[in-house]
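Chains as they are written, first to last, in this note's numbering: chain A, 3 to 100; chain B, 24 to 508; chain C, 67 to 549. Every residue, glycine too, gets a C-beta built ideally from N, C-alpha and C. Reading through the structure tokens given below for one structure.
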Amino acid sequence: MSLDIKSIKKVASLARIRMSDEELERISPRLSKIIDFVEQLAEVDTDNVEPLANVVDIAPKLREDIVNDGGYEEKILANAPESSQGYFVVPNAIEDNT
Amino acid sequence: MTKLTDLTIEQALNGLNNKDFTAVELTQVHIDAMGVHKGLNAYITDTPELALEQASASDVRRASGDARPLDGIPLAIKDLFCTNGVQTTAASRILDGFIPQYESTVTQKLFDDGIVMLGKANLDEFAMGSANTTSYYGNVINPWKRDGDDAELTPGGSSGGSAAAVAARIAMGATGTDTGGSIRQPAAFCGISGIKPTYGRCSRWGTIAFASSLDQAGTLARSVKDNALLLQSISGYDAKDSTSANKAVPDFAAALTGDIKGKVIGIPKEYRMDGMPDEIEKLWQQGIEWLEAAGATTIEVSLPHTKYALPTYYVIAPAEASSNLARYDGVKFGYRADEGDLTNMYEITRAQGFGEEVKRRIMIGTYALSSGYYDAYYIKAQKVRRLISQDFIAAFEKCDVLLTPTAPSAAFAIGENEDDPIKMYLNDVFTVPASLAGLPAMSVPAGLDAGGLPLGLQVIGRAWDEETVLKVSGVIENLSGFKGL
Amino acid sequence: MAKLVKGETGDWEIVIGMEIHAQITAESKLFSGAPTKFGAAPNSQVSLVDAAMPGMLPVLNEKCVEQAIRTGLGINSKINTYSVFARKNYFYPDLPQGYQISQFEDPIVGEGEIEIDLPDGSVKVIGITRLHLEQDAGKSVHDQHPNKTYVDLNRSGCALMEIVSEPDIRSPEEAIAYLSKIRMIVRYLETCDGNMDEGSMRADVNISMRRPNAELGIRAEIKNVNSLKAVGQAIEYEAIRQVEILESGGEVVQETRLWDPVKLETRSMRSKEEAHDYRYFPDPDLLPLKFSQDWVDEIKASLPELPDQKKHRFMEDFGLSHYDASVLIAERSRADYYEEVAKGHDPKLAANWVINELLGILKKNEKTLEQSPISAEKLGGLIALISDDTISGKIAKDVFADMFKNGKDALDIVEEKGLKQVTDSGAIEALIDEVIASNPDNVAKYKSGKDKLFGFFVGQVMKKSQGKANPAAVNKLLKEKLG
Ligand SMILES: [Mg+2]
Ligand SMILES: [Zn+2]
Numbered sequence: 003m004s005l006d007i008k009s010i011k012k013v014a015s016l017a018r019i020r021m022s023d024e025e026l027e028r029i030s031p032r033l034s035k036i037i038d039f040v041e042q043l044a045e046v047d048t049d050n051v052e053p054l055a056n057v058v059d060i061a062p063k064l065r066e067d068i069v070n071d072g073g074y075e076e077k078i079l080a081n082a083p084e085s086s087q088g089y090f091v092v093p094n095a096i097e098d099n100t
Numbered sequence: 024m025t026k027l028t029d030l031t032i033e034q035a036l037n038g039l040n041n042k043d044f045t046a047v048e049l050t051q052v053h054i055d056a057m058g059v060h061k062g063l064n065a066y067i068t069d070t071p072e073l074a075l076e077q078a079s080a081s082d083v084r085r086a087s088g089d090a091r092p093l094d095g096i097p098l099a100i101k102d103l104f105c106t107n108g109v110q111t112t113a114a115s116r117i118l119d120g121f122i123p124q125y126e127s128t129v130t131q132k133l134f135d136d137g138i139v140m141l142g143k144a145n146l147d148e149f150a151m152g153s154a155n156t157t158s159y160y161g162n163v164i165n166p167w168k169r170d171g172d173d174a175e176l177t178p179g180g181s182s183g184g185s186a187a188a189v190a191a192r193i194a195m196g197a198t199g200t201d202t203g204g205s206i207r208q209p210a211a212f213c214g215i216s217g218i219k220p221t222y223g224r225c226s227r228w229g230t231i232a233f234a235s236s237l238d239q240a241g242t243l244a245r246s247v248k249d250n251a252l253l254l255q256s257i258s259g260y261d262a263k264d265s266t267s268a269n270k271a272v273p274d275f276a277a278a279l280t281g282d283i284k285g286k287v288i289g290i291p292k293e294y295r296m297d298g299m300p301d302e303i304e305k306l307w308q309q310g311i312e313w314l315e316a317a318g319a320t321t322i323e324v325s326l327p328h329t330k331y332a333l334p335t336y337y338v339i340a341p342a343e344a345s346s347n348l349a350r351y352d353g354v355k356f357g358y359r360a361d362e363g364d365l366t367n368m369y370e371i372t373r374a375q376g377f378g379e380e381v382k383r384r385i386m387i388g389t390y391a392l393s394s395g396y397y398d399a400y401y402i403k404a405q406k407v408r409r410l411i412s413q414d415f416i417a418a419f420e421k422c423d424v425l426l427t428p429t430a431p432s433a434a435f436a437i438g439e440n441e442d443d444p445i446k447m448y449l450n451d452v453f454t455v456p457a458s459l460a461g462l463p464a465m466s467v468p469a470g471l472d473a474g475g476l477p478l479g480l481q482v483i484g485r486a487w488d489e490e491t492v493l494k495v496s497g498v499i500e501n502l503s504g505f506k507g508l
Numbered sequence: 067m068a069k070l071v072k073g074e075t076g077d078w079e080i081v082i083g084m085e086i087h088a089q090i091t092a093e094s095k096l097f098s099g100a101p102t103k104f105g106a107a108p109n110s111q112v113s114l115v116d117a118a119m120p121g122m123l124p125v126l127n128e129k130c131v132e133q134a135i136r137t138g139l140g141i142n143s144k145i146n147t148y149s150v151f152a153r154k155n156y157f158y159p160d161l162p163q164g165y166q167i168s169q170f171e172d173p174i175v176g177e178g179e180i181e182i183d184l185p186d187g188s189v190k191v192i193g194i195t196r197l198h199l200e201q202d203a204g205k206s207v208h209d210q211h212p213n214k215t216y217v218d219l220n221r222s223g224c225a226l227m228e229i230v231s232e233p234d235i236r237s238p239e240e241a242i243a244y245l246s247k248i249r250m251i252v253r254y255l256e257t258c259d260g261n262m263d264e265g266s267m268r269a270d271v272n273i274s275m276r277r278p279n280a281e282l283g284i285r286a287e288i289k290n291v292n293s294l295k296a297v298g299q300a301i302e303y304e305a306i307r308q309v310e311i312l313e314s315g316g317e318v319v320q321e322t323r324l325w326d327p328v329k330l331e332t333r334s335m336r337s338k339e340e341a342h343d344y345r346y347f348p349d350p351d352l353l354p355l356k357f358s359q360d361w362v363d364e365i366k367a368s369l370p371e372l373p374d375q376k377k378h379r380f381m382e383d384f385g386l387s388h389y390d391a392s393v394l395i396a397e398r399s400r401a402d403y404y405e406e407v408a409k410g411h412d413p414k415l416a417a418n419w420v421i422n423e424l425l426g427i428l429k430k431n432e433k434t435l436e437q438s439p440i441s442a443e444k445l446g447g448l449i450a451l452i453s454d455d456t457i458s459g460k461i462a463k464d465v466f467a468d469m470f471k472n473g474k475d476a477l478d479i480v481e482e483k484g485l486k487q488v489t490d491s492g493a494i495e496a497l498i499d500e501v502i503a504s505n506p507d508n509v510a511k512y513k514s515g516k517d518k519l520f521g522f523f524v525g526q527v528m529k530k531s532q533g534k535a536n537p538a539a540v541n542k543l544l545k546e547k548l549g
């Protein structure tokens, strides 16, 4: 299957990567090639096979509910491109993220 | 006396203990050598002042009788490990100038064991690549050259800076990370050995993530024994990583007995691929003979889904990466393009901050996870991943380790394979399956190709059995008599 | 209580499902050791993990898991001993990872149901679809700068339970009752403080309209509905908006809308909607969450009595009405107070005094039960005095007012002020004689058949006794004397 420019545009927007038309043209055949390559997976019979998300055969240890972190806003903000009064600062984000 | 830069870590520790030289002297010769080999571009950030400071502290410890296991050993640290107060970039413009306020568990363990950090080694951007050509800081050059040919060769990738530094003797050893072969393939290309331990053996905390279910830290060094010493230091349970295994760490160096009598070596028949160069085939056969001569038996085993490992990997790794790299958005750290509103800021920051290959993989991963494609790509790949993992489990019922070539070719010229992503991906055809199964695997240099370039053999072990991997690799190392640069 | 909306073309039924986000009561965050306290300086309660620094990894807080299980048991739902954390991917400045760690296909709690108590005294069952664990986002502040947004990550990574209901709710009243009930349960369980002002509990409301019992219509999701009152208002508003669209031949757009508590309207959030594709996938940094049924059983054994159980017990053991019982169990502390008052005393009388007198006076004085000057024991003392006829109910009200003012014991006040009821028949007879003597006309009228005047005599006697005469004794003796 080849990836058309419209689909690539949508993916680029989901991934928040700006692409010029020329870039879209350039990346399209390469992405299509990769998609073609991975599509050979379709020929594998995976009926009754459970997906494998992680190979570790261990029970994860849970954390005790104690406060032992935080309290260092200067470290948190140390690499911020822009900050003010203890906040990160970004261009206006309109709607609330709830 | 041999040059200090020619010593193995094991030899250097002896020399330090015998007061033949100090850690400061050992460090200084490496710093000098780094200057000479600047052209390899093996390091993104040199840290000579820090190194000398650490070296003199090491000398003080040794003088007062509190030397630690790796005290005074100068190493290169792949620039994917966050180092407190030292720029960490993942070779990406998006992290240019990023100074972590924390130390990765792996580097902390090494520092606790006394190592000296010479600098942060170059790599493929976010560890995505097999030629170290995707770095924002320029590509790394393999210190090896083809006989009678001055063409610059790739060191492999992604741990290309680590491998080149160790091969060129501007580090005694190095840390690496391996997601699909990123330690083993560059080790093979640079004529050194390198091990990726079992997934969960080393903490991933503080290591910049590429593909979380595959990423595993490991080591590169000029001998199997040196790798064992380094791996000892970085292994172990870390409560800060939920995928870190709470398992006892064996004495890896002690496993290097040379005795493999009675061991069964599996030879996976599906690794005998069409179009594989004769010399690789020949080297593989040579490896089999060495191991048999040392008292092991070899049998043919089958890993029927081998063919699907690469496509599986090229769904899972980009999918995880697309999500892992979402945090590089110009808000909290790293590069920001100051461009208008929020959406512009995001999109231009990421367009300018990431290189081509990274963008390509983010796109593939985003696509594979997007609605309508998730089942066909992502879930399908996870199912095939289980089949691949089961292939190994079945094979290990019949044998103790597997022996395969590490890579389908020797180092190639910089720029080669660049126009065809699939051709580049094929570099990892032998290394990716063990990554998908989370198994320990080591590349050990075993011979040269017709052009005089190093070739590696890969030993893959059962989960948590790095000991047998190291032991078998040590036997190959001994019998091959491989001479590094 | 299903409420039909009368349109121009006929009746419409409101169909509502709710997603409640409840912040889990825990010291530290869901995946980090940073504190969860409300109101700290910006970014002071943020760990490297919460800020999504490169290489940082989540480690699950055991207490949060336990709290989710407790809540799941409290809403009578299935506990899944195997669940999976998944990443929900989207970009927003207060979402530092670029994804929210949540649960998608395999939540920790599955289906269940709860009873809600409606204002008319009836009870309805609402289905629970699921409860899952997830991280909260940070806070975006828009009013600090004209064209910049300020981001505080203190709340980033705090543990939330998202409780999703079936679309079983049919009116604003039911929605309010449902939210109240969930709030009551989590407060009983101490798994969430239920504080809607501080955002510890927030509701998203899914609303669609249909002809009665017809197929489900297209729904809109209203976010940011952060008080019981707003839930009612938002539903009323949205129901009318949708009916107007439908009746004018239009179609409701499936979208996310925002409740504006100032303008009292919902409005489209289409800007966020356009590129929605969350690309959920299992978080590779976290292994599946597995725990034993033994642990669940242990937690179950440690649960307090839940509101509904308590309500039914109050009705059965104390003979209370459904209404009285549901008022008393609304807060765990209130129920405990009541039980303390009722200990050894007439439980119905105790219920009356707690509901009608105590809660009333507390409300008037803007005090909580915890701040009440009258302890449960003291209120019990007052009720004892009523029950054993030491004082009348009327005098008791005065004593109660005094107790509220100065926190004294009822008996002390009664003795100090000499308010003890007069039960001695000799003394009462003397008062009656006086009243009869001074009202010969009325006595004559009464005797000639004007029975209604009996109350007049009672009142006169009580007045003469300054309210202290035992009303029953007065009645009895008056009847004898007047013949
Ligand atoms: Mg929701
Ligand atoms: Zn939610």
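- Shell residues, 7 Å Cβ cut-off relative to heavy atoms of ligand 2: Glu-85(C), His-87(C), Ser-168(C), Glu-200(C), Leu-226(C) and Glu-228(C)
- Query: DSSP state of Leu-348(B), grouped into three classes?
  - Reply: When DSSP states are grouped into helix, strand and coil, Leu-348(B) belongs to the helix group.
- Item | His-328(B) in three-state terms, based on DSSP | coil
- Ignore the nearest five residues each way along the sequence and tell me which others in Gly-310(B)'s own chain have a CB closer than 7 Å to its CB. Leu-426, Ala-469, Leu-480 and Ile-499
- Query: For Arg-333(C), is the classification buried or exposed, using 16 other Cβ atoms within 10 angstroms of its Cβ as the cut-off for buried?
  - Reply: exposed
- CB of Gly-121(C) within 8 Å of CB of Thr-230(B), strictly: yes
- So with Cβ pairs under 8 Å, would you call Ala-14(A) a contact of chain F? Absent from the structure is chain F; the protein chains it does hold are A, B and C.
- Check whether Leu-176(B) and Phe-435(B) have beta carbons under 8 Å apart: Contact check for Leu-176(B) against Phe-435(B) passes: the beta carbons are separated by less than 8 Å.
- Report the residue from Lys-77(A), Ile-7(A) and Lys-11(A) whose alpha carbon sits nearest the alpha carbon of Arg-20(A). Considering only alpha carbons, the answer is Lys-11(A).
- Task: Can you tell me the Cβ-Cβ gap for Ile-167(C) and Pro-124(C), rounded? I've got them flagged as a contact below 8 Å.
- Result: Between Ile-167(C) and Pro-124(C), the beta carbon gap of about 6 Å places them in contact (Cβ cut-off 8 Å).
- Just the Cα atoms here: how many angstroms apart are Val-13(A) and Thr-91(C)? 39 Å
- Does Leu-33(A) come within less than 8 Å of chain B when only Cβ atoms are used? yes
- Message: Tell me the rounded alpha-carbon separation between Asp-43(B) and Asn-37(B).
- Response: 9 Å
- Task: Taking Asp-6(A) as the query, report the chain C residues whose CB atoms sit under 9 Å from its CB, ordered along the chain.
- Result: None at all; the shortest Cβ gap to chain C is about 17 Å.
- Task: Residues of the region 37-54 of chain A with a CB closer than 8 Å to any CB of chain B: list them in chain order, please.
- Result: Ile-37, Phe-39, Val-40, Glu-41, Gln-42, Leu-43, Ala-44, Val-46, Thr-48, Val-51, Glu-52, Pro-53 and Leu-54
- Message: Determine, for Val-92(A), whether the minimum Cβ-Cβ distance to residues of chain C falls below 8 Å.
- Response: yes
- Task: Jot down the residue ranges of each uninterrupted alpha helix (DSSP H) in the region 196-284 of chain B, minimum 4 residues, whole runs only, in chain order.
- Result: 207-212 and 247-257
- Item | Glu-76(A) versus Asp-259(C), Ala-117(C) and Ser-266(C), residue with shortest Cα-Cα distance | Ala-117(C)
- Query: When you compare only the Cα positions, how much space is there between Lys-101(B) and Phe-347(C)?
  - Reply: Their backbone Cα atoms lie some 29 Å apart in a straight line.
- Item | Cutoff 8 Å: Pro-431(B) Cβ touching any chain A Cβ | no
- Selection from Gln-359(C), Lys-103(C), Ile-248(C) and Asp-160(C) that minimises the alpha carbon distance to Glu-264(C): Lys-103(C)
- Message: What residue range does the beta strand (DSSP E) around Asp-326(C) cover?
- Response: Element bounds for Asp-326(C): 322-326.
- Message: Excluding the 5 residues flanking Asn-440(B) on each side, which residues of the same chain have their C-beta closer than 6 Å to its C-beta?
- Response: So the qualifying residues of the chain are Lys-446 and Met-447.
- Item | Rounded straight-line distance, which links the Cα of Ser-94(C) to that of Val-69(A) | 5 Å
- Task: Show which residues of chain A have a CB atom less than 7 Å away from the CB atom of Leu-353(C).
- Result: Asn-56, Val-58 and Pro-62
- Residue-level contact to chain B via CB, Leu-324(C), 8 Å cutoff: Using beta-carbon distances, Leu-324(C) does not count as an interface residue toward chain B, since no partner is under 8 Å.
- Message: Quick check on Gly-525(C): buried or exposed, where buried means 16 or more other Cβ atoms within 10 Å of its Cβ?
- Response: exposed
- Item | Straight-line gap, Ser-412(B) to Ala-211(B) (C-alpha atoms, nearest Å) | The straight-line gap from Cα to Cα measures roughly 24 Å.
- Message: Can you check which of these residues, Asn-127(C), Gln-320(C) and Lys-542(C), is closest to Lys-263(B) by C-alpha distance?
- Response: Asn-127(C)
- Listing by chain order, which chain B residues have their CB less than 9 Å from the CB of Arg-70(A)? The sequence shown places Asn at residue 70(A), rather than the Arg named in the question. Those do not exist, as Asn-70(A) stays about 11 Å from chain B at its closest Cβ, beyond 9 Å.
- Query: From Arg-18(A) to Tyr-244(C), what does the alpha carbon distance come to, in whole angstroms?
  - Reply: So the alpha carbons of these two residues sit roughly 39 Å apart.
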